[in-house]
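What follows is a set of notes on a single structure, which appears directly below.
Number of protein chains: 2
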Amino acid sequence: MLKEERQQTILNEVELHNRILLTDIAESLDVSIDTVRRDVKELDAENKLKRVHGGAISLGFTNKNTRNTNIYALEEKMKIAKKATTLLKDGAVIFIDGGTTCLELVRSIPDNLHLTCFTISLPVAMELSHKPNITVISIGGQVSKESQISIGANAIHNLSEIKVDYSFIGTGYVDAVYGLTEFDWDIVQIKKAVIKASKKTVLLSISEKLNSQHRYKTCDINAINTMITELDPEDSLLGAFKSLDIRIL
Amino acid sequence: MLKEERQQTILNEVELHNRILLTDIAESLDVSIDTVRRDVKELDAENKLKRVHGGAISLGFTNKNTRNTNIYALEEKMKIAKKATTLLKDGAVIFIDGGTTCLELVRSIPDNLHLTCFTISLPVAMELSHKPNITVISIGGQVSKESQISIGANAIHNLSEIKVDYSFIGTGYVDAVYGLTEFDWDIVQIKKAVIKASKKTVLLSISEKLNSQHRYKTCDINAINTMITELDPEDSLLGAFKSLDIRIL
DNA sequence: TTAAAAAATGCAAAAAACAGCAAAATGAAA
DNA sequence: TTTCATTTTGCTGTTTTTTGCATTTTTTAA
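Protein sequences, first through last, are from chains A and B.
Using the numbering used here, the letters of the first sequence map in sequence onto residues 1411 to 1659.
Using the numbering used here, the letters of the second sequence map in sequence onto residues 1411 to 1659.
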């Protein structure tokens, strides 16, 4: 494998999942951790990602304003967001998760819709606050530095006291067999609470995340009522998911 | 095989697979690796592909990354923020209010300080989350669209359950006689809760706000332990406040 | 504070790039 | 066809790059 190719793969992983562990990359690319470390060091020097102890994080999360930053796979995420807005009904009470896909959903919400939106994400809350006709309620808690969402017992407790019509959530990894999985234990806990607080759960995920898994499990795939990807519903990639729930173009 | 023909084959392979290895090409074309190397060198000079160690990659394979650092500085607020940081002690638990002055304070916090920071402000929370060594806890609640802070019963209740060493607050208006006043009823309520949750309250205010008042009262001036402005402590504008509490250069 | 994990550092082996040279191929003119 | 200059190609030895490993230093978390 070429060095440039390897570095491109690392960049893709970082943009896709916002953060990576050197050990994971080394294993999946079958190179030594020293090599990955050197690659990340170079990419950091080129300002392509932010190097942190043990791994790397996407620049999008370290940049101050979320508006003008590059979003990985923006086209696909806009497509997903567009589809998701068709589920929104006037007067609905919904939850919106963190992540760039959900942020794109917020930006796609038509101005004429009256909604009550709960969120654990700081960027989502800020974006929502610029929208007319939307009541925004932020769920407090300890703020995860990587993903800028509220986590911890307080956030989970607050979520336990609400019930929303729809929740729109993202995930780190999704697989038809293993369900939704994450890199981070705390994030799993908060997502579990979100799903519990929802009458219907809608998963927004770009196809690149399909058929991948990680350490910690959020829920089974059948806990999801609707899955939205940028793909055509008949796409073969979605075959494994076809036995369970709704999925929309 | 002609040179042109060989180079075209190489280009096709690059476009098809996005990457090639020199050794593979040399073997499949049955020429020496030096020849392939020379070909790739020429093609790179012609900007038809990107030559890398061990092979070549397609031009459309490179990632672009923009970075904008939009730093704007308000002289007075930076001055106030600088003064306020002298009150910060390592390990302290503090509250930081919303508003641009408090945001400036956050930006002035030295990286070596370990702090636990509560805030009701979304921008402050986001800014804090970029700081190392700081634990950020956002107070949830309904989000005020104008000031992007959490307000309402939930936020006030959450504040009632904490006690911080210092709270750094801003205000709409401040007067030696009338105390701190605001334009907005909800904001007054949340500020009352903040002051109640603080052992010490520090007011950050530019001199422009001195000696002005509005409709709703947050607290008396003596509820404030420290007042910080950009002025020299001996400035005549501060004369009316000289009978009560500390104020720092 | 201590212990574990990660990063930095130095080093050596392998692979690739480079430079120079000579043989082979090419092409033009006699 | 033959001759000769030019280009192309393959080979050799040397230099550079890359990579993994071992050791030391730093960082992190308990």
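Ideal placement from N, C-alpha and C gives every residue a C-beta, glycine not left out.
Predicted model only: the values in this text are computed from it and were never measured.
Exercise for the section: Look up Ser1548/B in the DSSP assignment and say whether it is helix, strand or coil. Expected result: strand
Handout entry: Opening and closing residue of the beta strand (DSSP E) in which Val1574/A lies
Key = Val1574 to Ile1579
Problem - Buried versus exposed, by CB contacts within 10 Å (16 or more), Met1536/A - result: buried
Exercise for the section: In angstroms with no decimal places, state the Cα-to-Cα distance between Lys1458/B and Arg1447/B. Expected result: 14 Å
Exercise for the section: Kindly provide the ranges of any beta strand (DSSP E) runs that are 3 or more residues long and lie completely inside the stretch 1449-1537 of chain A, ordered along the chain. Expected result: 1460-1462, 1465-1467, 1503-1506 and 1525-1529
Exercise for the section: Tell me, please, whether the CB atom of Asn1632/A is closer than 8 Å to any CB atom in chain B? Expected result: no
Exercise for the section: Compare the C-alpha of Ala1436/B against each of Asp1449/B, Phe1528/B, Ser1570/B and Ala1563/B and name the closest. Expected result: Asp1449/B
Handout entry: Buried or exposed (CB count within 10 angstroms, at least 16 for buried), Arg1625/B
Key = exposed
Handout entry: Neighbour flag for Met1488/B against chain A, beta carbons, 8 Å
Key = no
Problem - 9 Å Cβ cut-off: residues of chain A touching Leu1532/B - result: Leu1532, Pro1533, Ala1535, Met1536, Ser1539 and Ser1548
Problem - Local conformation of Val1587/B per DSSP, three classes - result: coil
Handout entry: Own chain, CB closer than 6 Å to Phe1651/B, minus 5 neighbours either side, in chain order
Key = Ala1586
Handout entry: Length of the line joining the Cα atoms of Cys1512/A and Val1598/A
Key = 17 Å
Exercise for the section: Taking 8 Å as the threshold, find out whether the stretch 1546-1554 of chain B comes into contact with the stretch 1540-1558 of chain A through three or more Cβ pairs. Expected result: yes
Practice task
Go ahead and label Asn1478/A buried or exposed: buried means 16 or more other beta carbons lie within 10 angstroms of its beta carbon, across all protein chains shown.
Solution key: In this prediction, Asn1478/A scores a pLDDT of 44, lower than 50, which makes its location untrustworthy; no coordinate-derived value is stated.
Handout entry: Interface partners of Gln1558/B on chain A, CB under 7 Å
Key = Met1536 and Ser1539
Handout entry: Residues, ordered as in the chain, of the stretch 1602-1621 of chain A that lie near chain B by beta-carbon distance below 8 Å
Key = none
Practice task
Determine, using beta carbons only, whether Leu1523/A and Thr1529/A come nearer to each other than 8 Å.
Solution key: no
Handout entry: Outcome for Lys1487/A when other beta-carbon atoms lying within 10 angstroms are tallied against a minimum of 16
Key = buried
Problem - N- and C-terminal bounds of the alpha helix (DSSP H) containing Leu1432/B - result: Leu1432 to Leu1439
Problem - Proximity of Ser1531/A and Ser1577/A at Cβ, strictly below 8 Å - result: no
Practice task
May I ask which residues mark the beginning and end of the beta strand (DSSP E) holding Ile1638/B?
Solution key: Thr1636 to Ile1638
Handout entry: Amino acids of chain B, ordered along the chain, whose beta-carbon sits closer than 8 Å to that of Gly1551/A
Key = Ile1547, Ser1548 and Gly1550
Problem - Short CB-CB distance (under 8 Å) between Lys1555/B and chain A - result: yes
Practice task
Measure the Cβ-Cβ separation of Ile1605/A and Ile1490/A and say whether it is below 8 Å.
Solution key: no
Handout entry: Within chain A, partners of His1463/B - CB distance below 9 Å
Key = Leu1412, Lys1413 and Glu1414
Practice task
Kindly give me the distance between the Cβ atoms of Asp1645/A and Gly1580/A, rounded to whole angstroms, as I take these residues to be in contact under 8 Å.
Solution key: That belief does not hold up - the Cβ atoms of Asp1645/A and Gly1580/A are roughly 20 Å apart, past 8 Å.
Problem - For Ile1638/A and Lys1493/A, believed in contact at Cβ under 8 Å, the rounded distance - result: 5 Å
Problem - Sheet register partners of Ser1560/A (DSSP bridge) - result: Val1553/A
Handout entry: Those residues which DSSP pairs with Ser1539/A across a bridge
Key = Paired residue(s): none; Ser1539/A is not in a bridge.
Problem - Simplified DSSP state of Ile1616/B, which is helix, strand or coil - result: coil
Practice task
Note down, in chain order, each residue of its chain lying with its Cβ closer than 8 Å to the Cβ of Ser1518/B, except the 5 sequence neighbours on either side.
Solution key: Met1488, Ala1491, Lys1492, Ala1494 and Thr1495
Problem - Neighbourhood of Lys1460/A by C-beta distance below 7 Å, restricted to the same chain and skipping five residues each side - result: Asp1454, Ala1466, Ile1467, Leu1469 and Thr1472
Problem - Limits of the alpha helix (DSSP H) - the one that Lys1652/B falls within - result: That residue, Lys1652/B, is in no alpha helix (DSSP H); it is neither H nor E in DSSP.
Problem - Contact check, Ala1565/B vs Gly1551/B, beta carbons under 8 Å - result: yes
Handout entry: Minimum Cβ-Cβ distance from Arg1625/B to chain A less than 8 Å
Key = no
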